[in-house]
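Colleague:
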Amino acid sequence: MDKLLIKGRVPLIGEIYASGAKNSALPILASSLLSNSPLTVGNLPHLNDVTTMLELLGSMGVEVMLSDDMEVQVDASSIKNLDARYELVKTMRASILVLGPLLARFQGATVALPGGCAIGSRPVNLHIEAMRAMGAEITIEDGYIKASVDGRLKGNKISFDPVSVTATENVIMAACLAEGITTIQNAAKEPEVIDLANCLISMGARIEGAGSDIIKIEGVESLAGSAFSVMPDRVEVGTYLTAAAMTGGKVKIKSAKPEYLTSVITKLESTGALIQTGEDWVEITMEKDRPNSTSLTTGPYPSFPTDMQAQFVALNSIAEGNSTVTETVFENRFMHVQEIARMGGNITLKGNTAVIEGINTLKGAPVMATDLRASASLVLAGLVAKGSTTIDRIYHIDRGYERIEEKLKMLGADIERIS
Ligand code: UD1
287 MDKLLIKGRV PLIGEIYASG AKNSALPILA SSLLSNSPLT VGNLPHLNDV TTMLELLGSM
347 GVEVMLSDDM EVQVDASSIK NLDARYELVK TMRASILVLG PLLARFQGAT VALPGGCAIG
407 SRPVNLHIEA MRAMGAEITI EDGYIKASVD GRLKGNKISF DPVSVTATEN VIMAACLAEG
467 ITTIQNAAKE PEVIDLANCL ISMGARIEGA GSDIIKIEGV ESLAGSAFSV MPDRVEVGTY
527 LTAAAMTGGK VKIKSAKPEY LTSVITKLES TGALIQTGED WVEITMEKDR PNSTSLTTGP
587 YPSFPTDMQA QFVALNSIAE GNSTVTETVF ENRFMHVQEI ARMGGNITLK GNTAVIEGIN
647 TLKGAPVMAT DLRASASLVL AGLVAKGSTT IDRIYHIDRG YERIEEKLKM LGADIERIS
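Residue numbers for the sequence shown follow my numbering, so the first one is 287 and each next one is one higher.
(1) Evaluate V527 with the Cβ neighbour count: other Cβ atoms within 10 Å of its Cβ, from every protein chain shown; 16 or more gives buried, anything less gives exposed.
(2) Any idea what DSSP makes of D684, helix, strand or coil?
(3) Among residues of its own chain, excluding the 5 on either side of I501, which ones have a beta-carbon nearer than 6 Å to its beta-carbon?
(4) Look up Q393 in the DSSP assignment and say whether it is helix, strand or coil.
(5) Where does P313 fall in DSSP's three states?
(6) Determine the burial state of S603: buried for a count of at least 16 other Cβ atoms within 10 Å of its Cβ, exposed for fewer.
(7) I want to check one thing, is the minimum distance from the CB of L342 to the heavy atoms of the ligand UD1 below 8 Å?
(8) DSSP three-state call for A572: helix, strand or coil?
(9) Please work out which residues of its chain come closer than 6 Å, Cβ to Cβ, to T326, disregarding the five sequence neighbours upstream and downstream, and give them in chain order.
(10) Let me check one thing: in DSSP terms, what residues is I677 bridge-paired to?
(11) Who are the Cβ neighbours of S674 in its own chain at under 6 Å, not counting the five residues just before and after it?
(12) Please tell me whether, using a cut-off of 8 Å, the distance from the CB of T592 to the nearest non-hydrogen atom of the ligand UD1 is below it.
(13) Quick check on DSSP: helix, strand or coil for V435?
(14) Within the segment 608-673, note down every full beta strand (DSSP E) run reaching 3 residues or more, in order along the chain.
(15) List the DSSP bridge partners of P331.
(16) Under 8 Å: does the beta carbon of K308 sit that close to some heavy atom of the ligand UD1?
(17) Pop quiz: L342 and S381 are said to be a contact at Cβ under 8 Å. What is the actual Cβ separation, rounded to whole angstroms?
(18) Please find out if some non-hydrogen atom of the ligand UD1 comes closer than 8 Å to the beta-carbon of A453.
(19) Take A419 as the anchor and find which of N329, F446 and I680 has the nearest alpha-carbon.
(20) Kindly indicate which residue of W567, A559, V568 and E357 has the alpha-carbon position closest to the one of K574.
(21) Report buried or exposed for S321, applying the criterion of at least 16 other Cβ atoms within 10 angstroms of its Cβ.
(22) Could you tell me if R315 is buried or exposed, where buried requires 16 or more neighbouring beta carbons within 10 angstroms of its beta carbon?
(23) If the criterion is Cβ atoms closer than 9 Å, does the pair V611 and T639 meet it?
(24) Thinking L389 and A362 are a contact (beta carbons under 8 Å), I'd like their distance in whole angstroms, please.
(25) Given this structure, state the Cα-to-Cα distance separating A416 from A531, to the nearest angstrom.
(26) Look up F514 in the DSSP assignment and give the residues it is bridged to.
(27) What are the uninterrupted segments assigned as alpha helix (DSSP H) that are 4 or more residues long and contained completely in the segment 510-554, given in chain order?
(28) Using the Cβ count rule (16 or more neighbours within 10 Å means buried), how would you classify P324?
(29) Report the start-end ranges of each beta strand (DSSP E) in the segment 431-484 that is 3 residues or longer and not cut off at the edges.
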C-alpha cells in the first residue's frame, strides 16, 4: 500500500494551479443522468472519488468518454439499469447523489445505503424524506434504498434541518424534472451548490436562489445536454495556503476563486500571514517563524468549513499560543488529533472541541491517515515537523487531492510516494 514520506521544515515557495472541485464534480456528473443528450464536464480533478462516480454511472449503462485533459463526456441516453451497487457506494457516500436524478428521469432507483463512516454516522434520512415529500415510495430492504414513483415527481416545499449539502443537491436535481414548483428552505449555501445549479441551468433547468437559503426550482419536461467546467476546489486551495502559513512560505495559487474562501482567509490573516487576492488567484506570504494560534468553530457555508478543520488543528498545534477548535457539523471528526499527538502535538479533546497548546515544533513519526481531511492535516504536520514522517493509508488523500506530492514538490517540499 502506498505511503507518503515527508522530510519536514522546508518553507513552501512557488506557484501552483488549483484543481477542479471534487464536491462540485460529483453532483455535476450525477446530473448527467437527467438528460438523454451528452453532458461534457471540464476541469474534472483526477481523483479516486471522481473515478468511483464515473464507474457508478458506467455500471448503470451510462457511456463515459474521457479525454486526455480530464474532460469527460457522459451520455445517459442508453441507461440499462437503475442500481447503485454496494461495492461502489460503500467507498463513496456521495453515490447517494444518483437517487434524485434516477427517480426524476426514470421513476425508480435502487441505491445501497452508504452505512457508517469514519467521521460520524452521516445518515441519509434527509434525502429519503425529501424524495418521499416529492411523491416517491421508498422502502429500505436488505441494505438498499428502493425508490419508485408513479408518474413524475411532484414539486413540494422541502425544509432541511440540519442543512445538508448533498441532500440540497439531490432535491435540486430531482426537482428539475418534477411537476410544478419545488421550494427548498434552509438550503445549503455552499458554492458547489451554485456550481451544480449553473450547470443544470445550462441544461435548461429553471432554478432561482442557489447560494441563498431558499432555492426555487420550476420543473421542466426534459433537460438538454451541455458543456460545463467545474469550479476550483476551495478546500484544496485552503489546504495549500495553510501549509504555506505553517512552513513560513510564500505560495501563489492560480485558477483559484478566493471569493469562496473568505472565512479561511480571515483565519489565515489572524495567524500573521499576509494574503493578496485577484479574481482568480490568491497569494500567501508568511514571514513569522511560527503562526499565531487562531480559535475557530466550523459551520455550514459561509462559516468556517468542516473540511478545513483538521488542517487548522495541525496549524494550531505548532502555533504561538493556545486555541480551541470546535466541530459542529460532524460528530467524531477528530481522528487526526491522536495522530498529531504521536508527533508531539499537545491536544486535548473535550466533547466536540479540541483544546490545543501550541508547541515549538512537531517531531516526525509514522502516522496513519483515517479519512480524507484528517490525512491532509497529517501531510501539513509532516511538512513542518523535524525529521521524517511516513503517512500510511494515503488512499484517503487520493480520494480528494489531485497529485498532492507533485504539487508540494513544485513548492519545494521534500515529499515522495513510497510503497
Ligand atoms: C458534503 C461534502 C463534505 C462536507 C459536508 C459538510 C460532498 C460530496 N461532500 O457532505 O465534503 O464535509 O458536505 O460541508 O459535497 N445529515 C443528516 N441527515 C442526512 C444528511 C445529513 O442528519 O440525511 C447531517 C450530517 O450527519 C451532518 C450534517 O447533516 O451532521 C451535514 O452533512 P451534509 O451537509 O449532508 O454532508 P454531505 O452532503 O454528506
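Just so you know, even glycine gets a beta-carbon here, dropped at the ideal spot from N, CA and C.
Modeller: Per the coordinate set shown:
(1) Sequence check: residue 527 is Leu here, not Val. Buried, since its Cβ has 16 or more Cβ neighbours within 10 Å.
(2) helix
(3) I470, A473 and G495
(4) coil
(5) helix
(6) buried
(7) no
(8) A small fix is needed here, since residue 572 is Met in this sequence, not Ala. M572 falls in the coil class under three-state DSSP.
(9) Q359 and A513
(10) L290 and V653
(11) K293 and G650
(12) yes
(13) coil
(14) 608-612, 632-636, 639-643 and 652-654
(15) For P331, which the question treats as bridged, DSSP gives no partner whatsoever.
(16) yes
(17) 6 Å
(18) yes
(19) F446
(20) A559
(21) buried
(22) Sequence inspection shows Leu at residue 315; the Arg mentioned does not correspond to that position. Buried.
(23) yes
(24) Not really, about 14 Å apart at Cβ, beyond 8 Å.
(25) 42 Å
(26) V327
(27) 520-533
(28) buried
(29) 443-445 and 467-471
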